[in-house]
Amino acid sequence: MNMQSSRSIVLAILLLLAAPAAADSNLPPARYANMQIADPAKEAEARRLMETLRCLVCQGQSIADSDAEMAGDMRALVRQRIVAGETSGEVRQWLIQRYGDYVSYDPPLSPVTAPLWLAPLILLGLGGLIATRSFKRKRR
Amino acid sequence: MKRPLLWVPVLAFFALIAVLASELLSPADRTVRSAMIGQPLPEFALTAIVPGKPGLASADFGKGQPRLLNVFASWCAPCIAEAPILMQLKAAGVPIDGVAIRDTGPALQAFLARNGDPFDRIGSDPDSSVQFALGSSGVPESFVIDGQGRIVHQHIGDIKADDVAVIIAAVKGAQ
Chain A
241 MNMQSSRSIV LAILLLLAAP AAADSNLPPA RYANMQIADP AKEAEARRLM
291 ETLRCLVCQG QSIADSDAEM AGDMRALVRQ RIVAGETSGE VRQWLIQRYG
341 DYVSYDPPLS PVTAPLWLAP LILLGLGGLI ATRSFKRKRR
Chain B
1209 MKRPLLWVPV LAFFALIAVL ASELLSPADR TVRSAMIGQP LPEFALTAIV
1259 PGKPGLASAD FGKGQPRLLN VFASWCAPCI AEAPILMQLK AAGVPIDGVA
1309 IRDTGPALQA FLARNGDPFD RIGSDPDSSV QFALGSSGVP ESFVIDGQGR
1359 IVHQHIGDIK ADDVAVIIAA VKGAQ
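Protein chains in written order, with this note's numbering: chain A, 241 to 380; chain B, 1209 to 1383.
Structural data, given as structure tokens:
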């Protein structure tokens, strides 16, 4: 084996041993982060809620989809509160109170989000109007 | 042109391009701010994690004196950068308490020995529950709690040398 290849093997082994820069804590995930609630109905309710909550550190993912440590802690928080008897609406409200509507993927109707809800209706109406007008023109 | 309406789609197209270009050049601020500013500090009681340093409870705030609540962790790199600035704030007379997110005693003790210890109290938050209660979305973050126990200011990310004046002013103005 020549010098070059043995050197690259040593480098490869060193790279395997190298620990990636830790951005995560060394505590294990919270109990309910990856464990389902024993009661299937409650787990289903928690699951539905988790799919509509934004992971705060990944932002493009729901906490149900994210592998981030903070998403795990949020799943644990949701499951703990559902187990303790809160409804998913109450848990969502608790989080919105702290992080604003941003944390929810189910935006409520407000002056800011109104265009989001109304634009499809307006566009649909506009399309219908244009369609009926152009059909009338053809008949002539 | 007999039918000026024909130009509407073209204009709409250029308007869309303009909107997209401006959003590309100045991306929106994606920081998640706490909605708890102006609200009373949520109730919590965290156990101690470092020997000789008491734990932290919401009852420790609102005693007439404003305090800085620092959300940090020994495993967080920007917290190392922030440590000397916190020492500077402590030297300037700002009382500082810490909430240690997902931390272990030995790791935290080593962190404090290495980077300095500006904290009067440190509470252990192993499942980030107090972090969520505060509306904090990362480490480090700092909250100014006024003398009545209300959250009056949030600083997201590590406090840099340039931010010291703002923090001191926020604490001074928070009786």
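Even for Gly, the Cβ is constructed at its ideal location relative to N, Cα and C.
Please classify residue i as buried or exposed, where buried requires at least 16 neighbouring CB atoms within 10 angstroms.
{"i": "PRO351/A", "result": "exposed"}
{"i": "ILE266/A", "result": "Ile is not the amino acid found at residue 266/A; the sequence shown has Asn there. Looking at its Cβ environment, which holds fewer than 16 other Cβ atoms inside 10 Å, ASN266/A is exposed."}
{"i": "PHE1222/B", "result": "exposed"}
{"i": "ALA1369/B", "result": "exposed"}
{"i": "SER1234/B", "result": "exposed"}
{"i": "ALA1253/B", "result": "exposed"}
{"i": "PHE1269/B", "result": "buried"}
{"i": "PRO1212/B", "result": "exposed"}
{"i": "PHE1351/B", "result": "buried"}
{"i": "GLN1383/B", "result": "exposed"}
{"i": "ASP1237/B", "result": "exposed"}
{"i": "LEU1277/B", "result": "buried"}
{"i": "VAL1374/B", "result": "exposed"}
{"i": "GLN1362/B", "result": "buried"}
{"i": "ALA371/A", "result": "exposed"}
Using a Cβ-Cβ cut-off of 7 Å (strictly less than) and excluding sequence neighbours within five positions of residue i, which residues of its own chain qualify?
{"i": "ALA1281/B", "result": "CYS1287, ALA1308, ILE1309, ARG1310, ASP1311, VAL1347"}
{"i": "MET290/A", "result": "SER302, ILE303, ALA304, ARG315, VAL318"}
{"i": "ALA1291/B", "result": "ASN1323, GLY1324"}
{"i": "GLN276/A", "result": "GLU283"}
{"i": "PRO1262/B", "result": "ALA1256, ARG1329"}
{"i": "LEU1316/B", "result": "ILE1257, VAL1258, SER1282, ALA1308"}
{"i": "GLY1260/B", "result": "none"}
{"i": "ALA1300/B", "result": "ILE1376"}
{"i": "ARG377/A", "result": "none"}
{"i": "VAL1372/B", "result": "ILE1293, GLN1296, LEU1297"}
Going along chain A, which residues have a C-beta under 8 Å from residue i?
{"i": "VAL1374/B", "result": "Those within 8 Å of VAL1374/B in chain A number zero; the least Cβ separation is about 22 Å."}
{"i": "PHE1221/B", "result": "The contacting residues do not exist; PHE1221/B stays about 16 Å from chain A at best."}
{"i": "PRO1314/B", "result": "None at all; the shortest Cβ gap to chain A is about 10 Å."}
{"i": "ARG1329/B", "result": "Those within 8 Å of ARG1329/B in chain A number zero; the least Cβ separation is about 20 Å."}
{"i": "ALA1281/B", "result": "SER265"}
Which of the three DSSP states, helix, strand or coil, is assigned to residue i?
{"i": "ARG1310/B", "result": "coil"}
{"i": "PRO1248/B", "result": "strand"}
{"i": "SER1242/B", "result": "coil"}
{"i": "ALA1253/B", "result": "strand"}
{"i": "ARG193/A", "result": "Since the first and last residues shown for chain A are 241 and 380, residue 193/A lies out of range."}
{"i": "LEU293/A", "result": "strand"}
{"i": "LEU364/A", "result": "helix"}
{"i": "LEU1264/B", "result": "strand"}
{"i": "ALA371/A", "result": "helix"}
Specify, as a first and last residue, the run of the beta strand (DSSP E) that residue i falls within.
{"i": "PHE1351/B", "result": "1349-1353"}
{"i": "GLN320/A", "result": "It is not in any beta strand (DSSP E) - GLN320/A instead sits in the alpha helix (DSSP H) that spans 309-323."}
{"i": "GLN1362/B", "result": "1359-1364"}
{"i": "ARG287/A", "result": "Segment 280-290 is the alpha helix (DSSP H) holding ARG287/A; no beta strand (DSSP E) there."}
{"i": "VAL1279/B", "result": "1275-1280"}
{"i": "PHE1269/B", "result": "Segment: none, PHE1269/B is in no beta strand (DSSP E) and carries neither H nor E."}
{"i": "ALA1332/B", "result": "The residue you asked about is not Ala; residue 1332/B is Ser in the sequence shown. Run containing SER1332/B: 1327-1333, per the beta strand (DSSP E) assignment."}
In chain B, which residues lie with their C-beta within 8 Å of the C-beta of residue i?
{"i": "VAL297/A", "result": "SER1345, GLY1346"}
At a threshold of 7 Å, does residue i count as lining the ligand GDP (C-beta to nearest heavy atom)?
{"i": "ILE1330/B", "result": "Annotation note on the ligand GDP: not contained in the displayed structure, which lists no ligands."}
If I measure Cβ to Cβ from residue i and keep anything under 6 Å in the same chain, skipping five residues before and after, which residues do I get?
{"i": "GLY1343/B", "result": "SER1242, ALA1243, MET1244"}
{"i": "ARG1358/B", "result": "PRO1248"}
{"i": "VAL1360/B", "result": "VAL1352, ASP1354, ALA1382"}
If you follow the alpha helix (DSSP H) that residue i is in, where does it begin and where does it stop?
{"i": "ARG338/A", "result": "328-339"}
{"i": "ALA1223/B", "result": "1215-1233"}
{"i": "VAL1302/B", "result": "From DSSP, VAL1302/B is part of no alpha helix (DSSP H); its letter is neither H nor E."}
{"i": "LYS1208/B", "result": "One cannot answer for residue 1208/B here, as it falls past the ends of chain B, which runs 1209 to 1383."}
{"i": "GLN301/A", "result": "Here GLN301/A belongs to no alpha helix (DSSP H), and DSSP marks it neither H nor E."}
{"i": "SER1337/B", "result": "1337-1342"}
Could you work out which residues of chain A lie near residue i, taking near to mean beta carbons separated by less than 9 Å?
{"i": "ARG1358/B", "result": "Those do not exist, as ARG1358/B stays about 15 Å from chain A at its closest Cβ, beyond 9 Å."}
{"i": "TRP1215/B", "result": "Per Cβ cutoff of 9 Å: no residues; TRP1215/B is ~16 Å from chain A at best."}
Which bits of chain B does residue i rub up against, with CB to CB less than 7 Å?
{"i": "TYR342/A", "result": "VAL1240"}
{"i": "ALA270/A", "result": "ASP1335"}
{"i": "LEU317/A", "result": "SER1337, PHE1340"}
Who are the neighbours of residue i on chain A, taking C-beta pairs under 7 Å?
{"i": "SER1336/B", "result": "MET310, ASP313"}
{"i": "MET1244/B", "result": "ARG338"}
{"i": "ASP1311/B", "result": "SER265"}
Residues in the same chain with beta-carbon distance under 8 Å from residue i, minus the five sequence neighbours each way, listed in chain order, please.
{"i": "CYS295/A", "result": "GLN301, SER302, ILE303, ASP305, SER306, ALA308, MET310, ALA311, MET314"}
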